[in-house]
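Asker:
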Amino acid sequence: MAHQPVLLQETIDYILGDPNGLYIDCTLGGGGHLQELMVRLGEKARVIAIDKDINILRQTSQQLADDRIRFVHADFRDLKQVLNQDESGNVDGIIIDLGVSSFQLDTPERGFSFHSDADLDMRMDTSQKLKAWDIINTYSEAELANIIFKYGEERYGRKISRAIVQERDKKNIDTTLELAEIIKNAVPAKYRREKHPARKTFQAVRIAVNDELGAIERVLPQALEVLKSGGKVGIITFHSLEDRIVKRFFNEKSRNCVCPPQLPVCTCGGQRAEIKLIKRKPVMPNEDECLINRRARSAKLRIAQKI
Ligand SMILES: C[S@@+](CC[C@H](N)C(=O)[O-])C[C@H]1O[C@@H](n2cnc3c(N)ncnc32)[C@H](O)[C@@H]1O
114 MAHQPVLLQE TIDYILGDPN GLYIDCTLGG GGHLQELMVR LGEKARVIAI DKDINILRQT
174 SQQLADDRIR FVHADFRDLK QVLNQDESGN VDGIIIDLGV SSFQLDTPER GFSFHSDADL
234 DMRMDTSQKL KAWDIINTYS EAELANIIFK YGEERYGRKI SRAIVQERDK KNIDTTLELA
294 EIIKNAVPAK YRREKHPARK TFQAVRIAVN DELGAIERVL PQALEVLKSG GKVGIITFHS
354 LEDRIVKRFF NEKSRNCVCP PQLPVCTCGG QRAEIKLIKR KPVMPNEDEC LINRRARSAK
414 LRIAQKI
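So the sequence shown is numbered by the numbering used here: it starts at 114 and just counts up by one.
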């Protein structure tokens, strides 16, 4: 199924400034946001479209070929390296739409889905060494439990990690369906009748394989740096940990002083706010969008403008 962009109009409306300016889509995916952005931009606009997944990049760059777009295979954690000297500090708007795209989920051999059988992979960047297989077959029980609990918010993380370790002591766990079956058998029967019991564990392992939280931590200060004064960044998150990182960063950078409120005098040297929050609360999809697109239900868009 084609990827349905989340909070499409809202994201473009908020980040759009000069129609002939410089923009970056850090998470090209199926190009849903990019396509809408291109319609709204003028002839002289320039856009840098990044994805770390070379397969997606190839496919979408063919579909959306346009002289105004430069497609780049990179991890957005290296954002500054992607820009030329004259681009850095001159960016009008940045879009970061986190997570996986439907293209990845719907390509069984990528190993993202617990519905179809494939090797345990889950790498967005297929040149990366670490695969889901390594995490499942080599991490300690405690490390697995931590990943599954923290990134998957899975209440049965301990039971699941114990079952994984017991099974892999007999033989390696090689495929997505083997893992899904182990998870299914590890959780109480009642839980199995709710949503698919492997959903949260698969999400957790995917986040760990791709160091998704580390990438957000790394890109945020760089995004601020490359924006021009008045330029805006919009970030769509799908997980409370992702949103917390963005929220904290935005809150800290939008304050003039970062001293704890109980301190009688300022000791931080009187930091100056670098950004303004366009919306104090995150923008969330309306009911209609959530009905059409299940993925939208957990989405939150935060937007900040460089001062
Ligand atoms: C949710 S999809 C983007 C969907 C896109 N906005 C659309 O409307 O079609 C996320 C995309 O970002 C890519 N991605 C995730 N983390 C990345 C990173 N750290 N660097 C570069 N690309 C990344 C994934 O490979 C995926 O294609």
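Each residue gets a CB set at the ideal place from its N, CA and C atoms; glycine is no exception.
As the structure is a computational prediction, the values presented were derived from the model and not from experiment.
1) What number of angstroms, rounded off, separates the C-alpha of Ile295 from the C-alpha of Met397?
2) My guess is that Ser342 and Lys394 are in contact by the Cβ rule of under 8 angstroms, so how many angstroms apart are they, rounded?
3) For Lys193 and Gly344, what's the separation of their Cα atoms in angstroms?
4) Looking at ligand 1, does it come within less than 7 angstroms of Arg171, judged from the CB to the closest heavy atom?
5) Alpha carbon to alpha carbon, how far is Ile286 from Glu280?
6) With a 10 Å radius around its C-beta and 16 neighbouring C-beta atoms as the bar for buried, classify Lys308 as buried or exposed.
7) Does DSSP put Gly270 in a helix, in a strand, or in coil?
8) Quick check on DSSP: helix, strand or coil for Asn414?
9) Give me every residue whose Cβ sits closer than 5 angstroms to any heavy atom of ligand 1, in chain order.
10) Rounded to whole angstroms, how far is the Cβ of Leu141 from the Cβ of Ile169, which I believe are closer than 8 angstroms?
11) Is Glu156 buried or exposed, if buried means 16 or more other CB atoms sit within 10 Å of its CB?
12) Would Ala328 pass as a contact of Leu120 if the rule is Cβ separation under 8 angstroms?
13) By DSSP, does Tyr264 sit in helix, in strand, or in coil?
14) Any heavy atom of ligand 3 closer than 7 angstroms to the Cβ of Gln418?
15) What does Leu135 pair with, by DSSP beta-bridge criteria?
16) For Leu154, which residues from the same chain have a beta carbon less than 6 angstroms from its beta carbon, with the 5 sequence-adjacent residues on both sides left out?
17) Provide the residue span of the beta strand (DSSP E) that contains Val185, from first to last.
18) Pick out whichever of Ala162, Tyr127, Gly134 and Leu129 has its Cα sitting closest to the Cα of Gly144.
19) Taking the straight line between their C-alpha atoms, what separation do you get for Gln241 and Arg415?
20) Mind the definition here: the region 226–233 touches the region 191–210 only if three or more C-beta pairs lie below 8 angstroms; say whether that holds.
21) If I follow the unbroken alpha helix (DSSP H) through Gly145, where does it start and stop?
22) Could you give the first and the last residue of the continuous alpha helix (DSSP H) run that contains Ser342?
23) Between Ser214 and His116, which are expected to be in contact by the criterion C-beta below 8 angstroms, what is the C-beta distance as a whole number of angstroms?
24) Could you pull out every residue in the same chain whose Cβ sits closer than 7 angstroms to the Cβ of Arg385, ignoring the five residues on either side in sequence?
25) By a C-beta neighbour count over all protein chains shown, 10 Å radius and 16 as the cutoff for buried, is Val55 buried or exposed?
Answerer: Walking through what the data contain:
1) For the purposes of this step, residue 295 is taken as the residue at position 182 of the sequence shown. For the purposes of this step, residue 397 is taken as the residue at position 284 of the sequence shown. Rounded to the nearest whole angstrom, the C-alpha separation of Ile295 and Met397 is 35 angstroms.
2) Position 229 of the sequence shown, counted from the start, is the residue given in the question as residue 342. Position 281 of the sequence shown, counted from the start, is the residue given in the question as residue 394. Their Cβ separation, rounded to whole angstroms, is 25 angstroms, which puts Ser342 and Lys394 out of contact at 8 angstroms.
3) Along the sequence shown, read from residue 1 onward, the residue named residue 193 stands at position 80. Along the sequence shown, read from residue 1 onward, the residue named residue 344 stands at position 231. C-alpha separation (whole angstroms): 16 angstroms.
4) Locating residue 171 in the sequence shown gives position 58, counting from the first residue. Answer for Arg171: no, Cβ out of range of ligand 1.
5) One-based indexing of the sequence shown puts residue 286 at position 173. One-based indexing of the sequence shown puts residue 280 at position 167. Cα to Cα, Ile286 sits roughly 7 angstroms from Glu280.
6) Looking up residue 308 in the sequence shown gives position 195. That one is exposed.
7) Residue mapping note: residue 270 aligns to position 157 of the sequence shown, counting from 1. Assigned with DSSP and collapsed to three states, Gly270 falls in helix.
8) Locating residue 414 in the sequence shown gives position 301, where the first residue counts as 1. Sequence inspection shows Leu at residue 414; the Asn mentioned does not correspond to that position. DSSP places Leu414 in strand when its eight states are reduced to three.
9) His116, Pro118, Thr140, Gly142, Gly143, Gly145, His146, Asp164, Lys165, Asp166, Ile169, Asp188, Phe189, Asp210, Gly212, Ser214, Met237 and Ala328
10) For the purposes of this step, residue 141 is identified with residue 28 of the sequence shown, where counting begins at 1. For the purposes of this step, residue 169 is identified with residue 56 of the sequence shown, where counting begins at 1. Rounded, the Cβ-Cβ distance is 7 angstroms, consistent with contact.
11) Working through the sequence shown from its first residue, we reach residue 156 at position 43. Exposed, because fewer than 16 other Cβ atoms sit within 10 Å of the Cβ of Glu156.
12) Reading the sequence shown from its first residue, position 215 is the one you call residue 328. Reading the sequence shown from its first residue, position 7 is the one you call residue 120. No. Outside cutoff.
13) Stepping through the sequence shown from its first residue, residue 264 is reached at position 151. It is helical.
14) Ligands present in the displayed structure are limited to ligand 1, and ligand 3 is not among them.
15) Mapped onto the sequence shown, residue 135 falls at position 22. DSSP lists Arg159 as partners of Leu135.
16) Within the sequence shown, the letter at position 41 stands for residue 154. So the qualifying residues of the chain are Pro132.
17) Taking the sequence shown and counting its residues from 1, the one referred to as residue 185 is at position 72. Residues Ile182 to His186.
18) Counting from 1 along the sequence shown, the entry for residue 144 is found at position 31. For the residues Ala162, Tyr127, Gly134 and Leu129, the minimum Cα distance to Gly144 belongs to Ala162.
19) Within the sequence shown, numbered from 1, the residue matching residue 241 stands at position 128. Within the sequence shown, numbered from 1, the residue matching residue 415 stands at position 302. Pairing Gln241 with Arg415, the inter-Cα distance amounts to about 30 angstroms.
20) The region 226–233 is not in contact with the region 191–210.
21) Reading the sequence shown from its first residue, position 32 is the one you call residue 145. Run containing Gly145: Gly145 to Arg153, per the alpha helix (DSSP H) assignment.
22) Taking the sequence shown and counting its residues from 1, the one referred to as residue 342 is at position 229. Not the alpha helix (DSSP H): Ser342 falls in the beta strand (DSSP E), residues Leu340 to Thr350.
23) In the sequence shown, residue 214 corresponds to position 101, counting from 1. In the sequence shown, residue 116 corresponds to position 3, counting from 1. Confirmed, about 5 angstroms.
24) Against the sequence shown, residue 385 aligns to sequence position 272. Asn369.
25) As displayed, the chain neither begins before 114 nor continues past 420, which places residue 55 out of reach and without an answer.
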